[in-house]
Amino acid sequence: MASLIAWRLVAAPHPASLEDYPRPPAPAALRLTTLGDPRAGALFWMLWLQTFDDQAGVTASFKKMDFAHLTAWLERILALDPGSEYPLLMATRVYGAVLDPGRQRLMIDFVGRAFRDAPERRWQWQALAAVQARHGLGDRQLALTLVEELEQRVPARQLPFWVRGLHVIILREGNEIEAAKRLMELMARDGGLTERQRQAVEMWRERLEELR
Numbered sequence: 004m005a006s007l008i009a010w011r012l013v014a015a016p017h018p019a020s021l022e023d024y025p026r027p028p029a030p031a032a033l034r035l036t037t038l039g040d041p042r043a044g045a046l047f048w049m050l051w052l053q054t055f056d057d058q059a060g061v062t063a064s065f066k067k068m069d070f071a072h073l074t075a076w077l078e079r080i081l082a083l084d085p086g087s088e089y090p091l092l093m094a095t096r097v098y099g100a101v102l103d104p105g106r107q108r109l110m111i112d113f114v115g116r117a118f119r120d121a122p123e124r125r126w127q128w129q130a131l132a133a134v135q136a137r138h139g140l141g142d143r144q145l146a147l148t149l150v151e152e153l154e155q156r157v158p159a160r161q162l163p164f165w166v167r168g169l170h171v172i173i174l175r176e177g178n179e180i181e182a183a184k185r186l187m188e189l190m191a192r193d194g195g196l197t198e199r200q201r202q203a204v205e206m207w208r209e210r211l212e213e214l215r
């Protein structure tokens, strides 16, 4: 039964016209296809999913593909192997880069749900989703929400300097000068900064004072 599910999804002949992402099997059925090796099974299905946009000489535009089905595939593959970063990598670097706001938001939402399941292991993907929201979508408020949630769920000392710097930049862009200053004061008090990072914080503070 497990091999039949996989065979029907993978080996079905593709017509010359483009096929969309199919609905993924139910979680229990997908797990059966791994034949007792969820990590290998998750890798197999990610590789299959990654090549789905190139079908029998027809190259798909992601703007024409069903990202609701794609998101369901990513969620179920990640559930097979929660330690894998492959689905999150594809969501942020490939599928999330498509120039379509609706599809970008689906990928950002997927990353956010995955982050909440394992914040200290997946913080970097939440940070990249915040960058995507800011630069890809131009949605400063969403980027701010994502980075604030990140800092609430992960101890500050576990986050690299650039993540907290991103928070400062987003606040400054929204003219939230006092909030940005408070954040920099916290950064300075927390310690753990290198000399260059302390100099950067001081430079930011001086520039913010000029904006008052």
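Start counting the sequence shown at 4; every next residue gets the next number (the numbering used here). For glycine and all other residues, C-beta sits at the position ideal for the given N, C-alpha and C.
Span of the alpha helix (DSSP H), counted from its first residue to its last, around residue i
i	result
R106	P104 to D120
G168	F164 to E176
L189	I180 to D193
E151	R143 to R156
F70	F70 to L83
A94	Y89 to R96
Helix, strand or coil at residue i [DSSP, three-state]
i	result
A203	helix
T37	coil
V134	helix
P25	coil
F65	helix
F55	coil
L50	helix
G60	Residue placement at G60 cannot be trusted, given a pLDDT of 45 that sits under 50; the coordinates are not used to answer.
G86	coil
T197	coil
From the options, residue whose alpha carbon lies closest to that of residue i
i	options	result
T71	A136, R108, L33 and N178	Note on identity: in this sequence residue 71 is Ala, with Thr being the wrong assignment. Looking at the Cα atoms, R108 is the closest of the given residues.
L52	A32, P25, R42 and R34	P25
K67	L35, T148 and D23	D23
V166	L174, V150 and W76	V150
G115	A94, V101 and A100	A94
R156	L174, F65, G44 and F118	F118
L74	M190, E176 and P28	The sequence shown places Thr at residue 74, rather than the Leu named in the question. Looking at the Cα atoms, P28 is the closest of the given residues.
V97	E123, V171 and W128	W128
P30	E78, T54 and D40	E78
P104	W76, H138 and S87	H138
R210	R124, A132, V171 and L92	V171
A133	M206, E88, E198 and L153	L153
G44	E123, L83 and T197	L83
C-beta neighbour in chain D for residue i, strict 8 Å
i	result
W165	Looking at the structure shown, chain D is missing, and only one protein chain is on hand.
Hey, is the segment 172 to 183 in contact with the segment 195 to 204, meaning 3+ C-beta pairs nearer than 8 Å? They do not touch, by the three-pair rule.
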